[in-house]
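Asker: Residue numbers (this note's numbering): 1 to 439.
Pasting a structure here, questions to come.
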């Protein structure tokens, strides 16, 4: 009996030990990525993104690989507790985070675009800083300061972001700042603060801060009237006659009067396009003169449109052309336009206009090579054609002219969520075909 009890005790102890071993063997760890952005977030160009891999809530050494538009854009070669990556350009990004054993633990996706974070006026040189209600309510005096980001190249060739304090100065003491001082090694005290009165009482009205406006040559505070004679109106106050350089990264720090609340965020002002990458629709023609009864081909060229469209997940395009009635539509060709997506298209026409429709789907792509020409229209000159005939892309500002078209004439471009996509340029200048002799 004693021998049996000893055996039972030993077996129980062994079972406890084995249970512990098996438990450790099958234990799962909770891996998370600590980052300054969220999954699927949209950032402005030239944003700094940081990544830390957490194992059961504790930081561990990791590696990252960053893909931009499915191509490897950056790869960390050394293990680190934190990785900083600068997303310079527009595109779709995927970040793979690996542990020290080179096991893939987490994947994060984000996009870099200009449209999501900025309101463009005159091409993108105005940024509206809409502060959250958390710091605006209740209304209190706001304290504001700015920083500028640059890059430093390290000995191993990698680039590291650096931040310099900025101080606004008012040499002529007129109450409006005129210039910046960069203070790379200055203290917080030396940098000082910009004080924004909130609320503001003027014109028998109480005004509260609505947003701050940043331009290349100014910083302004825009107030909204909340009570009094001008309730519902806006009042602009100029802080400075100097602003921010285009295509440079900045940050602002704002806190309330007692310092209990604060906000920190990056921003940038820039032109959306230059002459090299403007996504523009325009028409051209294969001949500038022709005889009655002959054919002319009109091309709708769309340089850089496909790249821009893919960036913003465009899935539908609609636009119209207007033409002289002595040009009779014979056929419409819709070439392969966007690589990586299946395409379909059609058109509607009447005697003086054509509406083009293109749809794109996440299915197997056609084998044809994509071109920058989205449509080719073949017209025949009528036998009674005379003078100068024209074809142009249209925009109609008045509803009473819509009846002249087989469908809505103005461009419609939508993404995969059926939301309108802005930013495409349509050149409305016509092409002219002179009747009276083929070239």
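Note that the Cβ used here is the ideal one computed from N, Cα and C, for glycine as well.
Quick caveat, the model's predicted, so the values are computed rather than measured.
Would you check if the stretch 378 to 391 and the stretch 320 to 337 touch, i.e. whether three or more CB-CB distances between them fall below 8 Å?
Answerer: Contact holds: three or more Cβ-Cβ distances are below 8 Å.
Asker: If residue 238 sits next to residue 220, beta carbons under 8 Å apart, how far is it from one beta carbon to the other, in whole angstroms?
Answerer: By 1-based counting over the chain shown, the position of residue 238 is 238. By 1-based counting over the chain shown, the position of residue 220 is 220. Indeed, because the Cβ distance is near 5 Å, the residues count as touching under 8 Å.
Asker: Counting along the chain, where does the alpha helix (DSSP H) carrying residue 306 start and finish?
Answerer: Here residue 306 corresponds to residue number 306 of the chain shown, with the count starting at 1. Per DSSP, residue 306 belongs to the alpha helix (DSSP H) from 305 to 311.
Asker: Give me the DSSP bridge partner(s) of residue 60.
Answerer: Residue mapping note: residue 60 aligns to position 60 of the chain shown, counting from 1. Paired residues: 53.
Asker: Skipping 5 residues on each side, what residues in its chain have a beta carbon closer than 8 Å to that of residue 154?
Answerer: For the purposes of this step, residue 154 is identified with residue 154 of the chain shown, where counting begins at 1. If we look at residue 154 and ignore the five residues flanking it on each side, its Cβ neighbours are 160.
Asker: Taking only runs of the beta strand (DSSP E) that begin and end inside the stretch 72 to 98, which ones reach a length of at least 3 residues, in chain order?
Answerer: Entirely contained in the stretch 72 to 98, the beta strand (DSSP E) runs reaching 3 residues are, in chain order, 83 to 87.
Asker: Exposed or buried, which one is residue 435 when buried takes at least 16 other CB atoms within 10 Å?
Answerer: Sequence index remark: in the chain shown, residue 435 carries index 435 (1-based). Classification for residue 435: buried.
Asker: Could you name the residues of the same chain whose beta carbon sits closer than 6 Å to that of residue 421, not counting the 5 residues immediately before and after it, in chain order?
Answerer: In the chain shown, counting from the first residue as 1, residue 421 sits at position 421. Closer than 6 Å at Cβ, skipping near neighbours: 312, 314, 413, 415.
Asker: Which one of 104, 72, 193 has the shortest CA to CA distance from residue 256?
Answerer: Counted from its first residue, the chain shown places residue 256 at position 256. For the residues 104, 72, 193, the minimum Cα distance to residue 256 belongs to 193.
Asker: Roughly how many angstroms separate the alpha carbons of residue 302 and residue 387, rounded to a whole number?
Answerer: Taking the first residue of the chain shown as position 1, residue 302 is located at position 302. Taking the first residue of the chain shown as position 1, residue 387 is located at position 387. Distance between the alpha carbons of residue 302 and residue 387 is about 29 Å.
Asker: Looking at residue 433: is its Cβ nearer than 8 Å to the Cβ of residue 284?
Answerer: Walking along the chain shown from the start, residue 433 turns up at place 433. Walking along the chain shown from the start, residue 284 turns up at place 284. No. Outside cutoff.
Asker: For residue 172, write down the residues that DSSP places opposite it in a beta bridge.
Answerer: Here residue 172 corresponds to residue number 172 of the chain shown, with the count starting at 1. Beta-bridge pairing links residue 172 to no other residue.
Asker: Name the one or two DSSP bridge partners that residue 382 has.
Answerer: As a first step, residue 382 must be located in the chain shown, where it is residue number 382. BP columns for residue 382 are empty, so no partner.
Asker: Just the C-alpha distance for residue 347 and residue 353, rounded to the nearest angstrom, thanks.
Answerer: Numbered from 1 along the chain shown, position 347 holds the residue referred to as residue 347. Numbered from 1 along the chain shown, position 353 holds the residue referred to as residue 353. Their Cα atoms are separated by approximately 10 Å.
Asker: Looking at residue 240 and residue 223, is the spacing between their C-beta atoms short of 8 Å?
Answerer: Within the chain shown, the letter at position 223 stands for residue 223. Within the chain shown, the letter at position 240 stands for residue 240. The answer is no: Cβ separation not under 8 Å.
Asker: With a 10 Å radius around its C-beta and 16 neighbouring C-beta atoms as the bar for buried, classify residue 429 as buried or exposed.
Answerer: The count along the chain shown starts at 1 and reaches residue 429 at position 429. Residue 429 is exposed by the Cβ-count criterion.
Asker: How long is the line joining the alpha carbons of residue 427 and residue 277, rounded to whole angstroms?
Answerer: On the chain shown, residue 427 is found 427 positions in, with the first residue counted as 1. On the chain shown, residue 277 is found 277 positions in, with the first residue counted as 1. Roughly 15 Å separates the two Cα atoms.
Asker: Output needed for residue 360: all residues of its chain with C-beta closer than 6 Å, excluding positions within five of it in sequence on either side, in chain order.
Answerer: One-based indexing of the chain shown puts residue 360 at position 360. Same-chain partners within the cutoff: 315, 338, 341, 343.
Asker: Near residue 82, which residues of its chain fall below 8 Å by C-beta distance, leaving aside the five closest residues on each side in sequence?
Answerer: What you label residue 82 is simply residue 82 of the chain shown in a count that begins at 1. Excluding positions up to five away in sequence, the list reads 50, 51, 52, 59.
Asker: Is residue 327 near residue 391, with beta carbons less than 8 Å apart?
Answerer: Residue numbering aside, residue 327 sits at position 327 when the chain shown is read from its first letter. Residue numbering aside, residue 391 sits at position 391 when the chain shown is read from its first letter. Closer than 8 Å, so yes.
Asker: CA-CA distance, residue 65 and residue 110?
Answerer: Translated into the one-based positions of the chain shown, residue 65 becomes position 65. Translated into the one-based positions of the chain shown, residue 110 becomes position 110. Using only the alpha carbons, I get a separation of about 14 Å.
Asker: When the Cα atoms are used, what is the spatial distance from residue 245 to residue 236?
Answerer: Within the chain shown, residue 245 is the residue found at index 245, counting from 1. Within the chain shown, residue 236 is the residue found at index 236, counting from 1. Roughly 22 Å between the two C-alpha positions.
Asker: Beta-carbon separation of residue 265 and residue 251 under 8 Å?
Answerer: Walking along the chain shown from the start, residue 265 turns up at place 265. Walking along the chain shown from the start, residue 251 turns up at place 251. Against a cut-off of 8 Å, the Cβ pair of residue 251 and residue 265 comes out as a contact.
Asker: Starting from residue 189, follow the alpha helix (DSSP H) in both directions and report where the run begins and ends.
Answerer: Your numbering for residue 189 matches position 189 in the chain shown. From DSSP, the alpha helix (DSSP H) with residue 189 extends over 188 to 191.
Asker: Using only CA atoms, which one of 77, 214, 322 lies nearest to residue 393?
Answerer: Here residue 393 refers to the residue found at position 393 when the chain shown is read from its first residue. Measuring from the Cα of residue 393, the nearest candidate turns out to be 322.
Asker: Tell me whether residue 400 sits in a helix, a strand or coil according to DSSP, three-state version.
Answerer: Working through the chain shown from its first residue, we reach residue 400 at position 400. Correct three-state label for residue 400: helix.
Asker: Taking Cβ positions, are residue 48 and residue 73 nearer each other than 8 Å?
Answerer: Taking the first residue of the chain shown as 1, we reach residue 48 at position 48. Taking the first residue of the chain shown as 1, we reach residue 73 at position 73. No.
Asker: Since residue 98 contacts residue 62 with CB under 8 Å, what's their CB separation in whole angstroms?
Answerer: Against the chain shown, residue 98 aligns to sequence position 98. Against the chain shown, residue 62 aligns to sequence position 62. With 8 Å as the limit, residue 98 and residue 62 qualify as a contact, their Cβ atoms being about 6 Å apart.
Asker: Judging by CA-CA distance, which residue of 208, 203, 242, 214 is the nearest neighbour of residue 230?
Answerer: Indexing the chain shown from 1 puts residue 230 at position 230. For the residues 208, 203, 242, 214, the minimum Cα distance to residue 230 belongs to 203.
Asker: Taking 8 Å as the limit between beta carbons, can you name the residues of its chain near residue 175, skipping five residues before and five after?
Answerer: Start at 1 with the first residue of the chain shown, and residue 175 comes out as number 175. Nothing listed; no residue qualifies.
Asker: Per DSSP, what kind of secondary structure is residue 135 in: helix, strand or coil?
Answerer: For the purposes of this step, residue 135 is identified with residue 135 of the chain shown, where counting begins at 1. In this structure, residue 135 counts as helix in the three-state DSSP scheme.
Asker: Which residues in the same chain as residue 126 place their Cβ atom closer than 6 Å to its Cβ, once the five residues preceding and following it in sequence are excluded?
Answerer: By one-based count along the chain shown, residue 126 stands at place 126. Here the set comprises 215.
Asker: In the stretch 254 to 302, which residue ranges form an unbroken beta strand (DSSP E) of at least 3 residues, counting only runs that do not cross its ends?
Answerer: Complete beta strand (DSSP E) runs here, min 3: 262 to 267, 280 to 285.
Asker: Between the Cα of residue 209 and those of 143, 356, 406, spot the shortest distance and give me the residue it belongs to.
Answerer: On the chain shown, residue 209 is found 209 positions in, with the first residue counted as 1. The shortest Cα separation from residue 209 among 143, 356, 406 belongs to 143.
Asker: With burial defined as no fewer than 16 other Cβ atoms inside 10 Å of the residue's Cβ, what is the status of residue 383: buried or exposed?
Answerer: Taking the chain shown and counting its residues from 1, the one referred to as residue 383 is at position 383. So residue 383 ends up on the exposed side.
Asker: Measuring alpha carbon to alpha carbon, tell me which of 93, 86, 87 ends up nearest residue 71.
Answerer: Start at 1 with the first residue of the chain shown, and residue 71 comes out as number 71. Ranking the options by Cα distance to residue 71, first place goes to 93.
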